[in-house]
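First residue of the sequence shown? That's 2 in our numbering, and the numbers climb one at a time after it.
For glycine and all other residues, C-beta sits at the position ideal for the given N, C-alpha and C.
Heads up, the thing below is written out as structure tokens.
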Amino acid sequence: MTVRSEWRQHIVAVLEEAFERNAATIDNVAAAITTAVLDGRHIYAFGAGHSLSLVNEMYRRAGGVKFVRPIWNEELLSRADEELAGKLENELGYYRKLTQGLGWGPGDLCWVLSNSGRNALVVELALEAKRHGVAVIALTSLTHSAAVPATPGLPKLPEIADYIFDNAGAYGDASIAIPGLAQQVAPTSTIVGAALIQATWAEVAERLVAHGHVPEIWGSANRGTLPSSKQGPPKQT
Numbered sequence: 002m003t004v005r006s007e008w009r010q011h012i013v014a015v016l017e018e019a020f021e022r023n024a025a026t027i028d029n030v031a032a033a034i035t036t037a038v039l040d041g042r043h044i045y046a047f048g049a050g051h052s053l054s055l056v057n058e059m060y061r062r063a064g065g066v067k068f069v070r071p072i073w074n075e076e077l078l079s080r081a082d083e084e085l086a087g088k089l090e091n092e093l094g095y096y097r098k099l100t101q102g103l104g105w106g107p108g109d110l111c112w113v114l115s116n117s118g119r120n121a122l123v124v125e126l127a128l129e130a131k132r133h134g135v136a137v138i139a140l141t142s143l144t145h146s147a148a149v150p151a152t153p154g155l156p157k158l159p160e161i162a163d164y165i166f167d168n169a170g171a172y173g174d175a176s177i178a179i180p181g182l183a184q185q186v187a188p189t190s191t192i193v194g195a196a197l198i199q200a201t202w203a204e205v206a207e208r209l210v211a212h213g214h215v216p217e218i219w220g221s222a223n224r225g226t227l228p229s230s231k232q233g234p235p236k237q238t
């Protein structure tokens, strides 16, 4: 078996497992978000490090709703310093720079995305959300989170979340061993996380429409002008 075949079989299996594990969570989170939106409340999304890619899955994304509020700043998003993201997600108290003046409160929900569920920034931001009465939706790897120690003095994300998505990922995230490499390759958390996120938002959109509340959806800015069906196929040259 080639490594690409191994990866294909593995990621499909993990996706299937994740959807089985999280079926009830998708239902519950979609219902909670629908209620919040109908009540005029807000939905936030936060992730640090590579989990920022999953925040981007919910913000200004073609096919996504327009009302998600990302929690980030220019420093957190910077790619100029490859070590900075790792430093910030482990910096105690940094959450204050991100949450000051948010104005969130009871009835709001916040996605908190972290594969390990242990970094100081992630946990402290989730705790701050809870202090304001905001329900926390965690997306994490329960296997990885259980295998690593908590940041001293803090709980782990699964211990404080109101809703938990388990991405079914292995400890360390990377999943394929290649002879001659000390570290495994092919992490699964981004692919599986995006799939669970989009499944949930599709469910939300359907529920909102059923309630007569049609959400605004981002369309692709790169579609161009489609040719009329009456024009026929393009001429061959």
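With distance defined between alpha-carbon atoms, name the residue in Leu182, Leu122, Ala175 and Glu207 nearest to Trp8. Looking at the Cα atoms, Ala175 is the closest of the given residues.
Counted within 10 angstroms of its Cβ, other Cβ atoms place Ile72 as buried (16 or more) or exposed | Result: buried.
Could you tell me whether the segment 99–111 touches the segment 78–87, where touching means 3 or more Cβ pairs closer than 8 Å?
They do not touch, by the three-pair rule.
Distance CB(Gly102)-CB(Thr144) smaller than 8 Å
Their beta carbons are not under 8 Å apart, which means Gly102 does not touch Thr144 by this criterion.
Q.
My assumption, with CB atoms under 8 Å, is that Ile198 sits in contact with Met59. Please give the rounded CB distance.
A. Between Ile198 and Met59 the beta-carbon gap is near 6 Å, inside 8 Å, which marks them as a contact.
Q.
With distance defined between alpha-carbon atoms, name the residue in Phe166, Pro156, Ala183 and Ile165 nearest to Gly173.
A. Considering only alpha carbons, the answer is Ala183.
Between Cys111 and Val137, is the Cβ-Cβ spacing less than 8 Å?
Cβ distance < 8 Å, so Cys111 and Val137 count as in contact.
Practice item. Could you give the DSSP three-state label for Ala247: helix, strand or coil? Key: Here the chain covers residues 2 to 238 and nothing more, so residue 247 does not appear.
- [ ] Assign Asp167 to one of two classes, buried (16 or more other C-beta atoms within 10 Å of its C-beta) or exposed (fewer than that).
- [x] So Asp167 counts as buried.
| query | Secondary structure at Pro159, three-state DSSP: helix, strand or coil? | reply | Pro159 falls in the helix class under three-state DSSP.
Need the endpoints of the beta strand (DSSP E) that Trp112 sits in, please. Per DSSP, Trp112 is one residue of the beta strand (DSSP E) stretching across Leu110 to Leu114.
- Query: So, do the segment 154–166 and the segment 21–31 have three or more beta carbon pairs nearer to each other than 8 Å?
  - Reply: Touching, yes.
Under three-state DSSP, which class holds Thr141? In the structure shown, the three-state DSSP call for Thr141 is strand.
- Enumerated in chain order, which unbroken segments of the alpha helix (DSSP H) with a length of 4 residues or greater are wholly contained in the segment 68–96? The segment 68–96 contains these whole alpha helix (DSSP H) runs: 75–78 and 85–89.
Exercise for review: Kindly confirm or deny that the segment 187–204 and the segment 12–27 touch, where touching means at least three C-beta pairs closer than 8 Å.
Suggested key: Short answer: they touch.
field: Status (buried if at least 16 other CB within 10 Å, exposed otherwise) for Val38
entry: Under this definition Val38 is a buried residue.
Name the two residues that bound the continuous alpha helix (DSSP H) containing Gly194. Looking at the DSSP string, the run of the alpha helix (DSSP H) that includes Gly194 is Ser190 to Ala211.
| field | Where Gly48 falls: helix, strand or coil (DSSP) | value | Reduced to three states, the DSSP call for Gly48 is strand.
Inset, instruction - Please look up how many angstroms separate the CB atoms of Asn116 and Asn91, rounded, as I've assumed it's under 8 Å. - result: That belief does not hold up - the Cβ atoms of Asn116 and Asn91 are roughly 14 Å apart, past 8 Å.
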